[in-house]
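Below is one structure, written out as structure tokens, with a few remarks after it.
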Amino acid sequence: MWICIRCHTEFPEFTGGAEANIDSFGLHFMCPVCGRRNRLRSLGYDEEGFLRLEQIDEPE
């Protein structure tokens with residue numbers, strides 16, 4: 042689950058309304074509620090071939 046570090050909205054992976062993106066600054070998801078860019082890190086592929094992502098920033 043990802044959590045926006047600004048507004049603390051929770052987004053379950055794959056069904057939560059926040060999509061992972063990549064740009065020149067790296068992996069992230071944009072919070073659709075407040076617009077905050079939240080950083081992600083790649084953990085590689087799981088045994089089923091899906092890319093696993095982890096949130097780097099922790100909510101305060």
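Convert by adding 41 to the 1-based position in the sequence shown; the result is the number in the numbering used here. C-beta atoms are modelled at their ideal positions from N, C-alpha and C, and glycine is treated no differently.
Residue from the options with nearest C-alpha to residue i
{"i": "His-49", "options": "Arg-82, Cys-75, Ala-61 and Asp-87", "result": "Cys-75"}
{"i": "Glu-51", "options": "Phe-70, Phe-66, Ser-65 and Ile-63", "result": "Phe-70"}
{"i": "Thr-66", "options": "Phe-91, Arg-47, Arg-78 and Tyr-86", "result": "First, the amino acid is wrong: residue 66 is Phe here, not Thr. Ranking Phe-91, Arg-47, Arg-78 and Tyr-86 by Cα distance to Phe-66 puts Arg-78 first."}
{"i": "Gln-96", "options": "Tyr-86, Leu-68 and Glu-88", "result": "Leu-68"}
Where the beta strand (DSSP E) through residue i begins and ends
{"i": "Ser-65", "result": "Careful: Ser-65 lies outside any beta strand (DSSP E) and carries neither H nor E."}
{"i": "Glu-95", "result": "92 to 96"}
{"i": "Gly-85", "result": "78 to 86"}
Residue i to residue j span [Cα, whole Å]
{"i": "Pro-53", "j": "Cys-45", "result": "11 Å"}
{"i": "Asp-98", "j": "Met-42", "result": "13 Å"}
{"i": "Arg-80", "j": "Leu-94", "result": "10 Å"}
{"i": "Leu-92", "j": "Pro-73", "result": "22 Å"}
{"i": "Arg-47", "j": "Tyr-86", "result": "29 Å"}
{"i": "Glu-89", "j": "Glu-60", "result": "20 Å"}
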